[in-house]
Structures are given as structure tokens and as C-alpha cells.
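Just so you know, the sequences run in chain order A and B.
The opening residue of the first sequence carries number 1 in the UniProt record's numbering; numbering runs sequentially from there.
The opening residue of the second sequence carries number 1 in the UniProt record's numbering; numbering runs sequentially from there.
First comes the structure, then the notes that go with it.
There are 2 protein chains.
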Amino acid sequence: MIRVVILGFGNVGQHLHKIFHETKGVNVIQGYTRNTTETTTKAGTPLISKISEIDSSADVYIVAIPDDAIKGFTKELKLKDKLVVHTSGGVAMNTISKKHHRGIFYPLQTFSKNTEVDFKIIPICIEAEKENDLKLLRKLGELISNKVVDINSSERAQIHLAAVFVNNFVNELYHISEDILKEKSLDFELLKPLISETAKKIETLSPSKAQTGPANRGDIVTIEKHLSMIEAELQEKVYMTLTRSILKRK
Amino acid sequence: MIRVVILGFGNVGQHLHKIFHETKGVNVIQGYTRNTTETTTKAGTPLISKISEIDSSADVYIVAIPDDAIKGFTKELKLKDKLVVHTSGGVAMNTISKKHHRGIFYPLQTFSKNTEVDFKIIPICIEAEKENDLKLLRKLGELISNKVVDINSSERAQIHLAAVFVNNFVNELYHISEDILKEKSLDFELLKPLISETAKKIETLSPSKAQTGPANRGDIVTIEKHLSMIEAELQEKVYMTLTRSILKRK
């Protein structure tokens with residue numbers, strides 16, 4: 001049985017708590033979150049709001065708090081020779097206070113409140129200073145996912161950068177297209193099958209093979225027509241920049 | 001029974017042929033494609049490669065050829081008072097030669113060879129000069145889809161512009177992130193669950209509600225770190241432009 005304390009109950013912390021709670025072989029013995037008046041989670045896990053009350057008997061402490069708070073928070077922890085990991089894609093392992101045994105447990109996914117995710121297919125990127133700790137993290141990861149990978153901090157930073165493109169930037173393109181439709185009182189619902197199919201295609205086709213459209217076929221007439229239709233300056237910049245990026249591959 | 005001739009057997013033409021063939025109430029009486037030596041499709045539909053051999057007894061002629069060929073091709077058709085429609089998002093209805101009854105039958109989806117699509121959920125955007133023709137197109141559309149919408153050429157151009165953002169540009173972001181991972185010999189497979197979830201989220205959340213990430217939380221430290229990691233000039237431009245687009249919404 002792997003005994004876990006989860007520190008922070010934002011989206012990542014809550015999803016990890018839920019999946020661990022449902023999984024045999026792992027026991028969340030305690031959760032920490034600031035500003036709570038509850039004494040247990042809905043699942044019955046003891047909740048505390050004071051750092052001084054953190055149980056010192058766990059095998060691993062999972063810090064799931066905002067990136068910029070990791071350094072200070074891990075410094076404050078009164079633990080001795082304990083494995084403390086964070087769950088962030090963009091923060092190096094050595095940001096964790098060096099008084100701990102340090103590691104990473106990074107589930108490569110976007111988590112939202114009230115959205116179910118299938119952990120089995122989520123890559124869990126792990127890293128640790130000590131071989132024994134890495135083994136423990138691998139064991140913990142394999143309890144919930146079929147894809148546990150050893151990724152060092154420099155690789156993880158690269159993955160996080162790539163993730164920003166396929167997640168945050170893709171979502172911004174959804175947002176812009178919603179804006180464009182709204183201008184003519186058209187319904188964003190119309191685009192949802194296309195959005196879904198565009199993502200689905202990539203499961204079996206490389207992005208290079210999947211590409212279609214005006215820029216891909218060098219259709220300057222349509223590109224110019226589109227540019228003449230766009231009014232917002234930033235939308236035009238986005239259109240131009242991504243069009244140039246596609247054209248350059250030809 | 002609606003009698004259809006399909007002119008052009010690229011991705012759109014083939015997918016329409018397949019779904020019509022499977023659907024009661026519609027009969028593809030003929031297909032036209034240049035440079036074929038076959039005399040029927042695999043499904044048994046007669047195939048011709050000469051414009052002069054086009055059957056003049058159909059109810060509707062669906063032109064599914066490249067955008068820039070629509071004008072010249074429809075001029076060449078030796079039909080009299082027949083409904084001729086094209087399937088393109090980006091081309092106005094009046095591009096079709098005016099000697100025909102003109103219309104549009106635009107399935108709002110990305111089609112690839114060997115990829116199954118569910119026509120029931122694909123919006124079919126229709127337009128026609130004559131009320132009777134519009135009725136016929138609606139009837140034809142409703143045989144294959146649950147979502148047939150009247151869209152005029154100006155609205156369709158706007159939809160096509162928005163579609164470029166969520167389809168071609170999104171795919172280019174997939175491509176860039178694949179490039180970024182390749183630089184460190186990391187596997188693009190790692191990002192696929194994130195790609196899938198990002199698209200899935202949008203089915204129930206607005207793009208505004210779904211957004212997360214460095215730009216969304218105004219995390220300048222991470223943005224600057226990412227910019228320092230990017231080497232290719234165009235990648236940097238894409239990162240900057242989309243980051244500004246997200247920041248501007250705050």
C-alpha cells in the first residue's frame with residue numbers, strides 16, 4: 001500500500017484524489033488545502049488547513065499548487081527525508097526545497113472541474129533524484145495509468161511548451177472562430193463536428209498528412225479574400241502568422 | 001426518389017457517393033471523374049470521364065471539384081434548366097455558370113480518404129436561387145444529416161473563414177508541437193490524450209471557460225521561459241501572437 005498526502009485541492013489535486021481513492025494499492029491518508037472549514041473530503045479523506053498538522057508518515061507528498069508557490073511552500077513543510085513531488089509541467093524539479101527527497105509526478109492532461117478523465121490513457125511523466133523514489137513513483141503511476149514515462153526536467157519543459165501549442169493555443173483558435181461567427185450571429189455549434197474530427201484525425205494521421213485548406217494548397221486568392229474579411233488586427237495577425245507557417249512547409 | 005449525379009470524385013465526392021449509396025430515397029445515377037478507366041464505382045454506380053456523356057435526367061448535379069475549377073467546369077456542362085450545386089465553403093453561389101439553376105450543398109466537415117465520418121452530425125449548409133430548389137436540397141440533406149441549415153453565400157464565407165481557424169490552423173499547431181518534441185527526440189504520442197481532451201472539452205464548455213495556461217493566468221515568467229526555449233523564428237511568432245491574443249481578453 002502506497003500512502004499519499006495530497007497538498008493542494010485545485011483541479012489536479014482533486015482529480016488525483018479521486019482516482020487514487022478509486023484505486024487499490026494506494027491510500028490518500030490526508031489532504032491539505034488552505035481556507036477550508038471541512039474536516040474531510042466527500043470521499044472521507046481527512047482534510048487539514050495548517051501545514052503544522054501534516055501527517056509525517058506518508059510515502060509520498062504530492063504538491064499540486066500554483067507553479068509560483070511551489071518553492072516557498074515546500075520550504076515551509078516540516079518533513080524530514082521525505083519524498084516530495086510536484087505535478088507541474090513547467091517547473092524544474094530543483095525548485096522544490098532541497099531539504100526533501102525531490103521528484104515529479106506530472107499527469108500530461110488538462111483538468112477541469114466536473115469533467116471526467118480516463119487516467120489509464122494519460123501519460124504520467126515521472127522524475128526523481130533517487131532511484132528508490134523513482135521506483136515508487138513508477139509503481140504509483142502504473143496503478144492509475146498505462147503510460148508512465150521517465151522524463152527529466154529539461155524534456156518536461158519541452159513537453160510543456162509543446163502542450164501549450166496543442167492545448168491553450170488551440171483553445172484560443174476555437175475562441176477566435178467563435179468570435180468570427182458571432183459577428184454574423186452564426187452559431188458556434190456548427191463548427192463542433194469539425195473541431196472533433198480535426199482532433200480525431202490526428203490519432204491515425206500525422207499533422208503533415210492531415211493538413212488541408214487554402215494555405216496548404218497555396219490558394220492565394222482565398223487567403224487574400226479571408227484577410228479582407230477579417231476586421232480585428234490580432235485576428236489578422238493570427239491568420240497571417242499561421243498561414244505563413246503552413247506555406248513555409250511547402 | 002432524388003436522382004443525383006456527382007461530378008468529381010475527390011474526398012468530398014467519394015464520401016457523398018458512399019453516404020448516398022447507403023441511403024434510401026436517393027439514387028446516384030452517375031459519377032463523373034476525369035482520367036478514369038473504370039466504368040463503374042465499386043458500389044456499381046456508372047462512371048464516365050467525358051462531359052458530353054453526362055446524364056441529363058437527374059434532379060441535382062453536385063459539383064465536388066477544386067474551388068478554382070468550379071467556374072469553368074460549370075460553364076462547360078451541356079445541361080438545360082438543371083439544378084447545379086457545388087460543395088465548397090469558400091466559393092460564392094454565383095461562381096456557378098448562370099445558365100444553370102444554382103445552389104450550394106456544403107457539408108461542414110473535413111474529409112480524408114479511408115476515414116469514416118458520421119454524416120448524421122455534420123451540418124449541411126444549403127442555398128439556392130429558387131425556392132423549389134432549396135426545398136429539394138433540404139430534403140436531400142435531411143436524408144443524410146440531422147442538421148440542415150439555410151446559409152447564404154456571405155454567411156458561408158464567414159463560416160469557412162472560422163473553419164480555417166479550427167481546422168487548418170489547429171492542425172498547424174499540432175504540427176509545430178510535433179516539431180518541438182522531435183527536437184528533443186520526444187514522442188508526439190505523448191500529446192494525443194491532451195489533444196483529444198482539448199477538443200472534447202469544447203463540446204460542453206465555451207472556449208472562454210475552457211482556457212487555462214500561462215497566458216490565461218498572466219504568468220510572464222513562464223511565457224519568457226518558453227520564448228527563450230524556442231529557436232525557430234516562425235514558432236516564436238506563433239507563440240507571441242497567440243499569447244497576445246489570449247492576454248488581450250483579460
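Just so you know, even glycine gets a beta-carbon here, dropped at the ideal spot from N, CA and C.
A:V85 sits close to A:F105, with the two beta carbons spaced by under 9 Å. Exclusion of the five residues before and after A:D179 leaves A232 and Q235 as the residues of its chain whose Cβ lies within less than 8 Å of its Cβ. Judged by their CB atoms, A:A210 and B:Y239 are not nearer to each other than the 9 Å cut-off. As far as DSSP is concerned, A:E178 takes part in no beta bridge.
For B:M93, the CB contacts under 6 Å within the same chain, skipping 5 residues up- and downstream, are R102, I104, E127 and S153 in chain order.
Nearest Cα to B:K147 within the set B:K75, B:I121 and B:V12: B:I121. Residues are counted here when their Cβ sits less than 7 Å from a Cβ of chain B; for the stretch 154-173 of chain A these are E155, A157, Q158, I159, L161, A162, A163, V164, F165, V166, N167, N168, F169, V170, N171, E172 and L173, given in chain order. Between B:H100 and B:L134, the C-beta spacing is not below 9 Å.
At a cut-off of 9 Å, the C-beta of B:R138 has no neighbouring C-beta in chain A. In the three-state DSSP reduction, B:Q109 falls in the coil class, being neither helix nor strand.
Against chain B, the beta carbon of A:R244 has neighbours under 7 Å at L234, listed in chain order. Close to B:S196, with beta-carbon spacing below 7 Å, are these residues of chain A in chain order: A199. B:E116 and A:Y32 have their alpha carbons spaced roughly 48 Å apart. As the crow flies, the alpha-carbon of A:L137 is around 24 Å from that of B:L181. Contact between B:A163 and B:L108 holds, with the beta-carbon distance rounding to 7 Å and staying under 8 Å.
Separation of B:T74 and B:T87 (C-alpha to C-alpha, rounded to the nearest whole angstrom) is 13 Å. Here B:I6 is not near B:I144, since their CB atoms are 9 Å or more apart. Listed along the chain, the chain B residues whose CB falls inside 9 Å of the CB of A:D150 amount to none; the nearest CB is some 12 Å away.
Counting along the chain, A:A128 sits inside the beta strand (DSSP E) bounded by residues I124 to A128. The shortest C-alpha to C-alpha distance from B:L16 to any of B:D118, B:G218 and B:N171 is the one to B:D118.
Residue contact check for A:L186 against chain B: a CB pair falls below 9 Å. In this structure A:I176 is not in contact with B:I202, their Cβ atoms being roughly 13 Å apart against a cut-off of 8 Å. Take A:N35, set aside five residues on each side of it, and the residues of its chain with a beta-carbon closer than 7 Å to its own are S49, in chain order. Looking only at B:K80, B:P46, B:K98 and B:G44, the smallest Cα-Cα distance to B:S56 is reached by B:K80.
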